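> Structure below; questions to follow.
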Amino acid sequence: MPVMEYIDAIRLAMKEEMELDDNVFVLGEDVGVKGGVFTTTKGLQEQFGEQRVLDTPLSESAIAGVAIGAAMYGMKPIAEMQYSDFMLPATNQIISEAAKIRYRSNNDWNCPVVIRAPIGGGIFGGLYHSQCAESIFFGTPGLKIVAPYSAYDAKGLLKAAVRDPDPVLFFENKKCYKLIKENVPEDDYIVPIGKAKVLREGTDITVIGYSLPLHFVMQAAEELESEQGISSHILDLRTLQPLDREAIIEAARKTGKVLIVHEDNKTGGVGAEVSAIIAEECLFELDAPIERLCGPDVPAMPISPPMEKFFMLNKDKVKEAMLQLALY
Amino acid sequence: MPSNKTLQDVVMPQLAESLVSATIGKWLKKPGDAVEQYEPICEVITDKVNAEIPSTLDGVMGELLAEEGQEIEVGAVICRIETASGNASSASGADSGQSAASGQTAESGGRSASVSAASIATTASGDQAQRSRYSPAVQTLAQQHGLDLRAIIGSGLGGRITRKDVLNYLENNKGSAAPQTRPAVPAPANAPFQAVSNELNAISEPVRNSGLHLSETPKIPTIEVEGGDRSEYFIDVTPIRNTIATRMRQSVSEIPHGWMMIEVDVTNLVQLRNKLKDEFRQREGVNLTYLAFLLKAVVGAIKDYPIMNSVWAVDKIIVKRDINISLAVGTEDSVMTPVIKKADQKNIAGLAREIEDLATKVRAGKLKLDDMQGGTFTVNNTGSFGSILTQPIINYPQAAILTFESIVKRPVVINDMIAVRSMANLCLSLDHRILDGVICGRFMQRVKDNMESYSLDTQVY
Numbered sequence: 001m002p003v004m005e006y007i008d009a010i011r012l013a014m015k016e017e018m019e020l021d022d023n024v025f026v027l028g029e030d031v032g033v034k035g036g037v038f039t040t041t042k043g044l045q046e047q048f049g050e051q052r053v054l055d056t057p058l059s060e061s062a063i064a065g066v067a068i069g070a071a072m073y074g075m076k077p078i079a080e081m082q083y084s085d086f087m088l089p090a091t092n093q094i095i096s097e098a099a100k101i102r103y104r105s106n107n108d109w110n111c112p113v114v115i116r117a118p119i120g121g122g123i124f125g126g127l128y129h130s131q132c133a134e135s136i137f138f139g140t141p142g143l144k145i146v147a148p149y150s151a152y153d154a155k156g157l158l159k160a161a162v163r164d165p166d167p168v169l170f171f172e173n174k175k176c177y178k179l180i181k182e183n184v185p186e187d188d189y190i191v192p193i194g195k196a197k198v199l200r201e202g203t204d205i206t207v208i209g210y211s212l213p214l215h216f217v218m219q220a221a222e223e224l225e226s227e228q229g230i231s232s233h234i235l236d237l238r239t240l241q242p243l244d245r246e247a248i249i250e251a252a253r254k255t256g257k258v259l260i261v262h263e264d265n266k267t268g269g270v271g272a273e274v275s276a277i278i279a280e281e282c283l284f285e286l287d288a289p290i291e292r293l294c295g296p297d298v299p300a301m302p303i304s305p306p307m308e309k310f311f312m313l314n315k316d317k318v319k320e321a322m323l324q325l326a327l328y
Numbered sequence: 329m330p331s332n333k334t335l336q337d338v339v340m341p342q343l344a345e346s347l348v349s350a351t352i353g354k355w356l357k358k359p360g361d362a363v364e365q366y367e368p369i370c371e372v373i374t375d376k377v378n379a380e381i382p383s384t385l386d387g388v389m390g391e392l393l394a395e396e397g398q399e400i401e402v403g404a405v406i407c408r409i410e411t412a413s414g415n416a417s418s419a420s421g422a423d424s425g426q427s428a429a430s431g432q433t434a435e436s437g438g439r440s441a442s443v444s445a446a447s448i449a450t451t452a453s454g455d456q457a458q459r460s461r462y463s464p465a466v467q468t469l470a471q472q473h474g475l476d477l478r479a480i481i482g483s484g485l486g487g488r489i490t491r492k493d494v495l496n497y498l499e500n501n502k503g504s505a506a507p508q509t510r511p512a513v514p515a516p517a518n519a520p521f522q523a524v525s526n527e528l529n530a531i532s533e534p535v536r537n538s539g540l541h542l543s544e545t546p547k548i549p550t551i552e553v554e555g556g557d558r559s560e561y562f563i564d565v566t567p568i569r570n571t572i573a574t575r576m577r578q579s580v581s582e583i584p585h586g587w588m589m590i591e592v593d594v595t596n597l598v599q600l601r602n603k604l605k606d607e608f609r610q611r612e613g614v615n616l617t618y619l620a621f622l623l624k625a626v627v628g629a630i631k632d633y634p635i636m637n638s639v640w641a642v643d644k645i646i647v648k649r650d651i652n653i654s655l656a657v658g659t660e661d662s663v664m665t666p667v668i669k670k671a672d673q674k675n676i677a678g679l680a681r682e683i684e685d686l687a688t689k690v691r692a693g694k695l696k697l698d699d700m701q702g703g704t705f706t707v708n709n710t711g712s713f714g715s716i717l718t719q720p721i722i723n724y725p726q727a728a729i730l731t732f733e734s735i736v737k738r739p740v741v742i743n744d745m746i747a748v749r750s751m752a753n754l755c756l757s758l759d760h761r762i763l764d765g766v767i768c769g770r771f772m773q774r775v776k777d778n779m780e781s782y783s784l785d786t787q788v789y
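Keeping their order, the protein sequence lines are chains U and V.
Position one of the first sequence corresponds to residue 1 (the working numbering), numbered consecutively onward.
Position one of the second sequence corresponds to residue 329 (the working numbering), numbered consecutively onward.
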C-alpha cells in the first residue's frame with residue numbers, strides 16, 4: 001500500500017472514477033492544461049483528453065450551472081471551485097437548483113454532481129484564499145457535504161461522492177494537501193457518506209471535529225496522554241451533512257465532556273449543530289459544559305503572518321482547550 | 329569579537345500556498361561568506377516552484393543546518409547568519425505567536441497530576457467552591473448506584489466531583505456500593521473489574537431522551553421500481569439500456585434510412601476457411617471466423633468508395649480518412665459497438681484477433697471508453713443468431729451499417745445449370761442524405777466481388 005499525500009489521494013480518486021465510468025468528467029478553472037492551481041488535476045487531461053477535462057472561463061456560476069445541467073442529463077461531473085472563497089457566485093445554482101431538483105420534480109430528475117472546493121487558511125492566502133465555506137451550505141436539505149481529514153478518507157469519500165445520485169459538496173483542506181501523508185490503497189474502495197469515524201479511543205474527554213484541526217487534536221492527544229495521562233476520545237465527523245447523529249451521541253456519552261473543534265468561525269458553524277444534538281440527546285450524561293474551539297468571529301483571514309497565526313488553530317491552542325476540559 | 333556578534337536563525341519560508349516543505353537544491357553561500365539582506369543564499373525545489381531564498385538580514389553566513397537534497401519543513405531553521413548584535417530583531421519570526429494559547433498552562437499545571445491519579449485525596453485541601461455542584465452525569469450515576477455524593481472526593485475544578493471520580497469511587501468501593509442481590513464472586517481479584525464493566529454498560533444505554541426532534545436524518549429518496557400485478561411486472565431501465573434507447577431513437581428520428589440487400593456466393597470462402605481454421609486455431613489461439621473475411625472485404629470496398637465512411641454535418645459532409653469499423657456485439661440484454669481502429673491497416677489474421685478480443689471484452693464487461701470511440705462504419709454479424717434478412721438501424725452519426733446474414737446452402741443457377749452453393753445475404757442501411765442507390769449499389773457490388781474472389785490460395789497474413 002503506497003504512502004501518498006492527501007492531494008494525490010484526491011487525484012487518484014478522480015482518475016479511477018474517470019477510468020471506471022465514461023460519464024465522469026472534470027471541469028473548472030485551470031484544471032486542464034495547467035492541471036489545477038494545486039496540481040490536483042495534473043495529468044488528467046493528458047490521460048482523458050480535453051473533452052473530459054474542461055478548462056472553463058472564470059465564472060463559478062457557469063461552472064456550477066454547466067455541471068448541474070450535465071448531471072441532470074445523466075453525466076457525472078466533478079466541478080472544481082479553485083478556492084471555496086470563489087464559490088459564492090455559484091451558491092444560487094447549488095442551493096436553489098442542485099439541492100432542490102429531486103424534490104421539485106417529485107423524483108423525476110436528480111443531480112449527481114460533485115463540487116470540489118478547497119477550504120481553510122494557514123497558507124498565507126489572506127482574505128480570498130482562506131475561507132471555510134461549509135457553514136454557508138450547511139443546513140441546506142438536499143445537499144450532502146463531506147470534509148475529509150485523512151488521505152484515505154479523501155479518496156474513499158470522493159469516490160463515494162462521484163457515485164452518489166445526489167449533489168455532494170467535497171470540501172478538501174488545502175493545508176492538508178501536502179501535510180497529510182499516509183498509506184492509501186490503490187484499489188477500488190469507498191468510504192460511505194454519512195458515517196463518522198473514531199480516530200482514537202479514550203475515557204477522559206471527547207473531541208469532535210473535522211478536517212485540518214484534527215491533525216492538531218491528534219498531536220495534542222498524544223502529548224496529553226504521555227505528559228499528563230489524559231485519555232482523549234476523538235471523533236472525525238467526515239460528513240457534515242447529513243451528520244452522523246448516532247456516532248456523535250455515542251462519542252459524547254463515552255466521557256460526558258465534549259470539545260468541538262473546527263476552523264470555520266464559531267457562530268453558526270457546524271459545531272453549533274453538533275452541540276445542539278448533544279444537548280438534545282445527552283443532557284443526563286453530560287459532565288461538563290459542551291465546549292467549542294473555533295476560528296474567531298472576525299470577517300476574514302488577515303494577510304499578516306502574526307495575525308494569521310492568531311487566527312488559525314494550532315496544536316497548542318487545541319491542547320490547552322483539551323486540558324482545561326479534562327481538568328473541569 | 330564574540331561578545332558583540334549574534335547568530336540569527338533563517339527559516340524555510342512559505343514559498344507557495346499549500347506547501348509544507350521544500351527541498352534544498354544548492355547552497356549559494358558557504359560559512360564565512362558575507363551576506364547582504366535580500367541576497368540569495370540557497371536554491372530550493374518544490375512541487376510547485378523552484379526558487380532562491382533571499383537572506384533576511386546583513387551579516388556573515390554562520391552555519392548551514394540543512395544539506396543539499398534534504399527536505400525541510402516550512403518554518404524549520406535552515407542556517408544561521410552571524411550579525412552584529414544590533415539588528416537582532418530582523419530574523420524571521422518563526423516562533424512568535426505560539427505563546428498566545430499557552431498563557432494558562434502554567435497556572436493549571438499544578439492540578440494536572442490529580443487527573444491521572446487514581447487516588448484523589450490531594451485536592452481536598454484546595455478550593456472547594458464547586459464541591460456541591462453536580463453535573464447531570466454525576467447525578468445520573470449517583471441515582472443508579474444509590475450513592476451518597478458527600479462521601480466522594482472531587483478532583484475537578486473547585487473540588488467538583490467528576491463523572492470519572494464517581495466511576496473510580498464505584499470501582500474502589502465495589503463491595504458496599506453494588507446492589508445486594510449480586511451473588512458472591514469466587515475470585516475477589518476479578519470482582520471490581522467485572523462490576524465496573526457492568527456499570528459502564530449500563531450507562532452507555534440511553535437513560536432518557538428529552539426534546540422533540542427527528543430520530544434520524546430524513547433520507548434523500550432513491551428511485552425504486554416496484555409494483556406491477558398478476559398480469560404484468562416492471563423492469564428497471566439500466567443505464568446501458570437507456571443509452572441504447574436514446575441512440576436508437578436519435579438515429580431513427582434524425583437519419584432518413586434507406587435500405588438494400590444483395591446476395592453473395594461464399595462457397596469458395598467456406599472451403600478456404602475449412603482448410604485454414606484448425607491450423608489457425610492452433611497457431612493463433614483464436615477462431616478464424618467468416619466475419620474477419622467479411623471485414624476485409626468491406627474495408628477494401630470502403631477504400632474504393634470513401635463516401636461510405638462519412639458523417640452528415642448539415643452544411644457539409646465530413647469524410648473520415650481512417651477506417652474504424654464498429655462491430656456490433658450482442659449479449660443477452662444489450663448490444664455494444666466496440667471499434668476496430670484503422671481496420672484498413674490490418675490483415676485477415678489481425679482482424680480475427682481483434683474480433684475475438686473485443687467480443688471477449690464485451691462479454692466480460694471490460695470494455696474501456698477507448699474501445700468504444702471513433703467508429704466510422706458499422707458491421708453487424710446478424711447471421712450469428714440465425715437471421716437471413718435484417719433492416720439495421722444506423723449507428724449514429726455514421727453514414728451506413730452493413731449486416732452479414734446466415735450462410736445457407738441453396739440451389740443456384742450457374743451457366744444455366746443448377747448447383748448447390750453456400751449463399752449469404754448482405755443488407756445495408758444508409759443515410760439517404762449522404763448516400764443514394766447508385767453509389768451504394770456499387771459499394772455493395774464491390775463487397776460482393778471481394779467476398780467471391782476469396783479462393784483456396786488466399787493468404788490470411
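Note that beta-carbon positions come from the ideal geometry of N, C-alpha and C, so glycine has one too.
As the structure is a prediction and not an experimental result, all values here were calculated from the model.
Going along the chain, which residues of its own chain have a beta-carbon closer than 8 Å to the beta-carbon of residue 178/U, five neighbours each way excluded?
Around residue 178/U: 5, 6, 7.
> In chain order, which continuous runs of the beta strand (DSSP E) of length 3 or greater are located wholly inside the segment 578-622 of chain V?
Complete beta strand (DSSP E) runs here, min 3: 585-593.
> Just by C-beta distance, which residues in the segment 186-212 of chain U are closer than 9 Å to chain V?
Taking 9 Å as the Cβ-Cβ cut-off against chain V, the residues of the segment 186-212 of chain U that qualify are 194, 203, 204.
> Check distances from the C-beta atoms of the segment 251-263 of chain U to those of chain V and list, in chain order, the residues that come in under 7 Å.
Within the segment 251-263 of chain U, the residues whose Cβ lies closer than 7 Å to some Cβ of chain V are 253, 256, listed in chain order.
> Which first and last residues belong to the alpha helix (DSSP H) in which residue 760/V is found?
No alpha helix (DSSP H) contains residue 760/V, which DSSP labels as neither H nor E.
> Whose Cβ in chain U lies nearer than 8 Å to the Cβ of residue 466/V?
Here the neighbours are 287.
> Where does residue 701/V fall in DSSP's three states?
Of the three classes helix, strand and coil, the one that applies to residue 701/V here is coil, per DSSP.
> Would you mind giving the Cβ-Cβ distance between residue 117/U and residue 84/U, rounded to the nearest angstrom? I have them listed as a contact below 8 Å.
The pair is a contact, with the Cβ atoms about 4 Å apart (cut-off 8 Å).
> Starting from the Cα of residue 191/U, find the closest Cα among 44/U, 155/U, 75/U and give me that residue.
Residue 155/U is the option with its Cα nearest to residue 191/U.
> With distances taken from CA atoms, which of 666/V, 500/V, 361/V, 334/V is nearest residue 707/V?
If we check each option's Cα against that of residue 707/V, 666/V comes out closest.
> Can you pull out the residues from the segment 478-496 of chain V whose beta carbon lies closer than 8 Å to at least one beta carbon of chain U?
Residues 484, 485, 488, 490, 491, 492.
> Pairing CB atoms from the segment 210-219 of chain U with CB atoms from the segment 137-154 of chain U, are three or more of them under 8 Å?
Cβ pair count under 8 Å is three or more, so yes.
> How do the segment 169-183 of chain U and the segment 123-143 of chain U stand: do at least 3 beta-carbon pairs fall below 8 Å, yes or no?
Yes: the two stretches touch, three or more of their Cβ pairs being nearer than 8 Å.
> In chain V, which residues lie less than 8 Å from residue 73/U when you measure between Cβ atoms?
Neighbours of residue 73/U on chain V: none; closest Cβ ~10 Å, over 8 Å.
> Just to make sure I have the definition right: I need the residues of chain U whose C-beta is within less than 8 Å of the C-beta of residue 463/V. Which are they?
Residues of chain U passing the Cβ test: 256, 286, 287, 288.
> Answer yes or no: do residue 378/V and residue 371/V have a C-beta to C-beta separation smaller than 8 Å?
A contact, by the Cβ cut-off of 8 Å.
> Answer with buried or exposed for residue 600/V, where buried requires no fewer than 16 other C-beta atoms within 10 angstroms of its C-beta.
Per the 10 Å Cβ criterion, buried.
> Starting from residue 404/V, trace the alpha helix (DSSP H) in both directions and tell me its first and last residue.
That residue, residue 404/V, is in no alpha helix (DSSP H); it is neither H nor E in DSSP.
> Which residues, in order along the segment 675-700 of chain V, keep a beta-carbon less than 8 Å from a beta-carbon of chain U?
Answer in chain order: 696, 697, 700.
> Which residues of chain V have a Cβ atom closer than 8 Å to the Cβ of residue 22/U, listed in chain order?
What residue 22/U touches in chain V: 697, 700.
> Quick check on DSSP: helix, strand or coil for residue 75/U?
Note: residue 75/U maps to coil in three-state DSSP.
> Give the DSSP-derived three-state secondary structure of residue 156/U in the structure shown.
Three-state result, residue 156/U: helix.
> Determine the burial state of residue 640/V: buried for a count of at least 16 other Cβ atoms within 10 Å of its Cβ, exposed for fewer.
Buried: at least 16 other Cβ atoms inside 10 Å.
> Rounded to whole angstroms, what is the Cα-Cα separation between residue 396/V and residue 356/V?
Taking the straight line from one Cα to the other gives about 11 Å.
> At least one CB of chain V closer than 8 Å to the CB of residue 327/U: is that the case?
For residue 327/U, the answer is yes, since a Cβ of chain V falls inside 8 Å of its Cβ.
> What's the C-alpha gap between residue 590/V and residue 109/U?
Those two C-alpha atoms are separated by around 47 Å.
> According to DSSP, is residue 398/V helix, strand or coil?
Three-state result, residue 398/V: coil.
> In whole angstroms, give me the CA-to-CA distance for residue 702/V and residue 646/V.
Whole-angstrom Cα-Cα distance: 14 Å.
> Check whether the segment 286-295 of chain U and the segment 463-479 of chain V touch, using three or more Cβ-Cβ pairs below 8 Å as the test.
Short answer: they touch.
> Return the chain-ordered list of same chain residues with a C-beta closer than 6 Å to the C-beta of residue 494/V, the five sequence neighbours on each side being excluded.
So the list reads 466, 469, once near-sequence residues are dropped.
> Below 8 Å on the Cβ atoms is my contact criterion, and I expect residue 578/V with residue 789/V to pass it. Report the Cβ-Cβ distance as a whole number of Å.
With a Cβ gap of about 40 Å, residue 578/V and residue 789/V do not count as contacting.
> If you drop the 5 nearest sequence neighbours on each side, which residues of the same chain put their C-beta closer than 8 Å to that of residue 317/U?
Taken in chain order, the residues that qualify are 216, 293.
> What are the complete beta strand (DSSP E) segments, minimum 3 residues, inside the segment 645-716 of chain V?
List check, beta strand (DSSP E) in window: 645-647, 653-658, 705-708.
> Below 8 Å on the Cβ atoms is my contact criterion, and I expect residue 261/U with residue 298/U to pass it. Report the Cβ-Cβ distance as a whole number of Å.
No, residue 261/U and residue 298/U are not in contact; Cβ-Cβ is about 18 Å, not under 8 Å.
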